[in-house]
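Heads up, the thing below is written out as structure tokens.
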Amino acid sequence: MDPECSRLLPALCAVLVDPRQAVADDTCLEKLLDWFRTVTEAGSSLLLLQENPCLVDLLSHVLDLKPQDVSPRVLSFSLRLAGTFAAQEDCFEYLQQGKLLLGLFGEAGPLSWAVWSVPTVRSGWIQGLKSLVQHPSGLHFLGDSGAVDALFSLQGDSSLFVASAASQLLVHVLALSMQGKAKGSPSPKGNAWPACAQKIVAHVEASLCSAAVLQVTQALNVLTTTFGRCHSPWTEVLWGQLSPLVAHLLESDPIPAAHSLVDLLLSVARSPVFASADCALWETMARMLSCLSPTQAGPLALGTLKLQHCPQALRSQAFAVLLQPLVCILRATAQAPGPPGLLDETVEGDSMTVDTLLSSKSACVGLLCQTLAHLEELQPLPQCPLPWPQTLLMEAVVIILRLCDGSAAPSSSEGRRLCGALAGCVRVQRAALGFLGMLSQGTSSWELVPQVFAILLETLESPASSPTVLKKAFQATLHWLLDTPKPPGCLGLGPHAPLFLRELFPVLQKRLCSPCWEVRDSALEFLTHLSACWGGEADFREALLASEVPKLTWQLLRDPESYVRASAVTTMGQLSSQGLQAASNSPGHSEVQQGLVGELLHILSVDSEGFPRRAVARVFTEWLRNSHADVARDTEWFVATVLQMVSQDLDWEVRAQGLELVQVFLAQTLGQPNPPCPYAVALPKVTPPSPLPEVLQTLCQMQIFDFAFRALFDCDRPVAQKACDLLLFLRDKTAPCSGLQEPGNSSDVASVEATLERWQAGEQGQPLGSLEPEVVLAALRSMDLEGLQGRLAESSDHVEKSPQSLLQDMLATVAVLEENVADCY
Amino acid sequence: MPEIKVTPLGAGQDVGRSCILVSIAGKNVMLDCGMHMGFNDDRRFPDFSYITQNGRLTDFLDCVIISHFHLDHCGALPYFSEMVGYDGPIYMTHPTQAICPILLEDYRKIAVDKKGEANFFTSQMIKDCMKKVVAVHLHQTVQVDDELEIKAYYAGHVLGAAMFQIKVGSESVVYTGDYNMTPDRHLGAAWIDKCRPNLLITESTYATTIRDSKRCRERDFLKKVHETVERGGKVLIPVFALGRAQELCILLETFWERMNLKVPIYFSTGLTEKANHYYKLFITWTNQKIRKTFVQRNMFEFKHIKAFDRAFADNPGPMVVFATPGMLHAGQSLQIFRKWAGNEKNMVIMPGYCVQGTVGHKILSGQRKLEMEGRQVLEVKMQVEYMSFSAHADAKGIMQLVGQAEPESVLLVHGEAKKMEFLRQKIEQEFRVSCYMPANGETVTLPTNPSIPVGISLGLLKREMAQGLLPEAKKPRLLHGTLIMKDSNFRLVSSEQALKELGLAEHQLRFTCRVHLQDTRKEQEMALRVYSHLKSTLKDHCVQHLPDGSVTVESILIQAAAHSEDPGAKVLLVSWTYQDEELGSFLTALLKKGLPQTPS
């Protein structure tokens, strides 16, 4: 421990046990504990206690306080602290000698005090014990102290946090006991587990037989976490002992704690210990799938399908459960009898699913949303069931969307009721569109694509579509346009896309004029993605340029909403890169282009919000990187103009983006940075187009050094960090510069260095002015840039986060606590 | 048993990140989704794992409601919606929707600037999160779905702050967020109608405080600023982007105007224009005075307050600068502080709370030698002042609001345990309602008596009216019928209709009773005496003596029989139908008294 911290610690411990003093900030004790954890992880706790006796005194004092003087926060802290120390066995013995641990965690300790009613104390007690139980002595202590019984009752605590922590500790004890057994060959006989583990197992057994659902749930949750976390061969012994009781739960109607039971079965099935196929487990899961309600069975079905190893029959059953709601929708809305095949297999649970779908609006919406989300999650996984009924699913999703927008008119009474339940339901629409987007992958049935495009277009067009639905619809459309593989032998965008695009752009036009900023923004984001991928496709270009979309996007550069302005900047940057911002044969093309640069520069200099300015800086960097025609015309002028504006910006992210621009420019003029790793493949060196002295002269004229030096002392760390990297790059690149003389006038160098020192001290002062390259290079070489880079990488708050600072703050706060009444906003 | 459940994940007996889960009539709502600024790791966000255990978050939660734009109420929102995965609706008022992303962005920039943190939300995430927001107007009833509705009320505190009523059927909960019951320079006082919710969840920051006059604090503040600039010093006021800063700006602007002062006042980071824009846009949310004078002069168009340029900090002479961030832990405010700290003529005024570890916290706790980067020590010679301007209701205000809303019970959040305890007792004594103060993670369960709507059949109603009894709203009256529960509906119909609808056959239910009488006469004679007695007693009823010797009164049948054990006694067997239960009971009681003596 730092000597300064050791010096401050006794005073702080004294403050903590002084009932007249209060620790101001509730985060301080948490941070203090974090620090002690770091210290004990790095070294001996025993040594720490011996060198700092005030810590043991603190624990003893807490036990000696009068009931009314005990602060729940300090007590909770002390319990956790004691546990942290006792995690090391020698330190545990040391504390035991003084009976401190028994005092803190035994039955006569806080467990029986009045402050026990405060959840923080109970939580601290459990967390302290959890830290302590890391070794056999800890396990024995837990068994002897009577704490296990307290933990059983704490599982049902009124505080979620306490109840959960109690369960976690029971799991921890079980796992630790099983790990200790791992060496011997597992056998259900001759059970020699620690007493407390045996007690926990007996309690779990009793709870599983209990008539109280809460107790069953607690037992199931403990087991779920145990099997999820511990993969010792002994878990198999434990499961062998408990599985009949678990299976017995299925006999009850309704099944108690079904949700927890599903979690347990999946946790066991996932455990590598049971990979050797446990028939009884699969049977239990199959029974469970068939008797749970559709809503409860969904997560089990999904979990089953995600398993790496699982019998095919169970997989089929699970998949049928997952598909059932969609099958029912198709049946209820189909004019003709339902399609053959998969549907026939699912008749078994049909009535239950139909009942759920028709029982109430919320049940119907809940089941459909869950099913669609589960299928969306399943589809991209390698475990995705085969054959995947793509056509059926697409039909089902399309009909669900039609039921939602009211365009479906089913004739059956069930269909009409579904229509009533789903009409205008945004939740289902969003879920269906999410899944529809995912379905674009792996589609091979081309005949359904026009149907999908039609429903997407209807949704995008419908005045009733909410902004969140439209966003999902745009995303799904993008998936269908970009991901759908083309039929074999098909060139360009495929057979459907060009037709669809012609209908899409008028809709997009309308959405770009939406009164909701969310919609305008989503439409712009959609356009940016689409043009980035399809900017070179003739059909796309034609459809886009024939529409008003580029013009409207331009107008959105002046949108009142800054998010939209920023997106419009990005979109225009993208369109311009592809030569798409106006009709290519228009005579005023170059004026439009010039106008765009001017417009973006205008935004960069005057926009009151950071997002659009940041977007402009990003677009300019991209343009420079891709040698955009307008940039290439006069790159130096362009970079210098942008830097001049960016350097004044109040948003540090804009300034950082300016440095990025410089970096690209320098890479183009001086070559790529040297690879940091000596083994990396070296890129072919770009030979600077001009000799180095000339390049440096140009950089000086462009005031790039002025910008970079100023940024080096920026009050915002990322800017300084980037500038430092940039200057290091410049220094490395110019190191072998043989064409340059030593600076003739050393007073120039001194003057530059003096200015830089003033900047470092935080003064703004005068700019560096016009400089000679030699002077700049000399100044550059004299700076300790590596040292600065190291300091900046440490982050600016390493001092504030130091333990010393924490201790000082806690001590200082005590004195003034009464003056400044706790305040918040 | 229907119930309302409330579990604070944050703000339960603390003033940290507000996040309260409410379960009402099967609907789950999250009230606020705040961040704790005192932590740099995941502890700054509420522990959402407790709700993700209940399956998919979007399926479990019906909506999230944000009361106002302060980060301890909305700071975890992008994390929750874009990183934890909530994809449902988020409700807030229009001004909150406009200002919230600015503050989130501001905080993100500081966090990334300072820490270079990786596990933090991005700008894109903030935008995507804001796209899920549904903005609401004051007093507008918004249907979240067919059953759940919410309504916003004015809360004062900051621009756009609202209290929310959450209602499902006849059950309702009101959540106040942070509120202020006294108007300030730019905002009005909180107000709610007498909505009599089942539960009022109220903040209790100043649970035990009766706040000193605001005027005093303002005078004090102006005096300190004035004295400093008069002696040529510079005043630094670290603030967060929007909120309290505007209140202080109006205060200084008015004072400068009145005193005709020429010392420059600057506001950094271009926020004045932004603030100005929002206050103009949401002028209806400000107080009456500002609204009234708006036509002649917009209070937020400041004459004396100008945009700050970084170079100004080095200018000689006095000035006042508002700079962000408010805790002096990064960026511009810290940079200016470092420049000015060494001069005792200067002053820094901290108008808000600072978390441990920040320079703000250190100087407020009296530390005057600060270690900065690179082992540099900064000696603070400038004066340090703390001046709270936060706009919360004090104890009196909280009691006033409870009185206004007339809730069935109250739950306290956003306060310190000790202070809450005091207020809890006060509320229970004064209003005779239960008051709860759960800690974080503790669940309070309140049983409710929901009124269940029952449809009544026209036939049954007509039959009642035919008896001349018209239904009256103020006079509840007993009505007999059969309750049918079908298709999640309740209907009251006549028993005949119920039988018809359900396809059931009618069953007769008869009650029987034995009455023992000491009488030696024969059974026939006994029956005749019963007949005469009833005939004379029940003048309005049809009493008959049947040929088999039994007596009937309406559906009631009376037969006399010999006692099996006692030859001196007789047994009267009385039986009646369910419909005549009243008469049957009356007759039994009458016969038990015995028959009148016959004249011998």
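Each protein sequence line maps, in turn, to chains A and B. Take the first sequence: its letters are residues 10 to 834, numbered as in the working numbering. Take the second sequence: its letters are residues 471 to 1070, numbered as in the working numbering. Cβ coordinates follow ideal geometry from the N, Cα and C atoms, glycine included. These numbers come from a predicted model, not from an experiment.
For residue i, which option in the options has the closest C-alpha, if you only look at C-alpha atoms?
i: B:V880; options: B:G626, B:Y645 and B:I636; result: B:Y645
i: B:T913; options: B:S493, B:G822 and B:G713; result: B:S493
i: A:M294; options: A:D272, A:P281, A:L148 and A:V282; result: A:D272
i: A:A206; options: A:Q484, A:A215 and A:V180; result: A:V180
i: A:P391; options: A:L316, A:L412 and A:A430; result: A:L316
i: A:G115; options: A:V130, A:A31 and A:F150; result: A:F150
i: A:P145; options: A:G165, A:G112 and A:A204; result: A:A204
i: A:V728; options: A:P702, A:T764 and A:G667; result: A:G667
i: B:D690; options: B:S835, B:E855, B:E727 and B:V643; result: B:E855
Within this structure, are the beta carbons of residue i and residue j separated by less than 8 Å?
i: A:C100; j: A:L64; result: no
i: B:M907; j: B:E891; result: yes
i: A:L42; j: A:R89; result: yes
i: B:N910; j: B:M852; result: no
i: B:G545; j: B:M505; result: yes
i: B:V695; j: B:L722; result: yes
i: A:A532; j: A:L517; result: yes
i: B:V614; j: B:C533; result: yes
i: B:L974; j: B:V1000; result: no
i: B:N626; j: B:A865; result: Reading the sequence as shown, one finds Gly at residue 626 of chain B and not Asn. Not in contact: B:G626 and B:A865 (Cβ atoms no closer than 8 Å).
i: B:T566; j: B:I536; result: yes
i: A:P782; j: A:W44; result: no
Residues bridged to residue i by DSSP?
i: B:Y856; result: B:M820
i: B:S493; result: B:K475 and B:N498
i: B:A793; result: B:P708
i: B:R961; result: B:G925 and B:I954
i: A:M819; result: Per DSSP, none; premise fails for A:M819.
i: B:A1032; result: B:K1040
i: A:C373; result: DSSP output for A:C373 lists no bridge partner at all.
i: B:M633; result: B:Y623
How many whole angstroms separate the CB atoms of residue i and residue j, which I take to be in contact at a CB cut-off of 8 Å?
i: A:T380; j: A:P320; result: 23 Å between Cβ atoms; not a contact.
i: A:W543; j: A:F535; result: Wrong, their Cβ atoms sit about 12 Å apart, outside the cutoff.
i: B:V872; j: A:T36; result: Not confirmed; about 31 Å, so no contact.
i: A:L113; j: A:I135; result: No, A:L113 and A:I135 are not in contact; Cβ-Cβ is about 12 Å, not under 8 Å.
If you follow the alpha helix (DSSP H) that residue i is in, where does it begin and where does it stop?
i: A:V437; result: V435 to L448
i: A:C428; result: S422 to L431
i: B:I560; result: That residue, B:I560, is in no alpha helix (DSSP H); its beta strand (DSSP E) goes I560 to T563.
i: A:H212; result: A204 to L217
i: A:S162; result: A156 to L163
i: A:T562; result: V558 to Q564
i: A:A95; result: P81 to A95
i: A:R567; result: Careful: A:R567 lies outside any alpha helix (DSSP H) and carries neither H nor E.
Determine the extent of the beta strand (DSSP E) in which residue i is found, giving its start and end residues.
i: B:W1046; result: A1039 to T1047
i: A:E781; result: Where A:E781 is concerned, there is no enclosing beta strand (DSSP E), given that its DSSP letter is neither H nor E.
i: B:P917; result: V914 to P917
i: B:R947; result: Counting along the chain, B:R947 falls outside any beta strand (DSSP E), and DSSP gives it neither H nor E.
i: A:V142; result: No beta strand (DSSP E) holds A:V142; DSSP gives it neither H nor E.
i: A:T244; result: Unbroken run through A:T244 is the alpha helix (DSSP H), W243 to L258; no beta strand (DSSP E).
i: B:C503; result: Where B:C503 is concerned, there is no enclosing beta strand (DSSP E), given that its DSSP letter is neither H nor E.
Answer with yes or no whether the minimum CB distance from residue i to chain D is below 8 Å.
i: A:Q333; result: In the structure shown, chain D cannot be found, because the protein chains are A and B.
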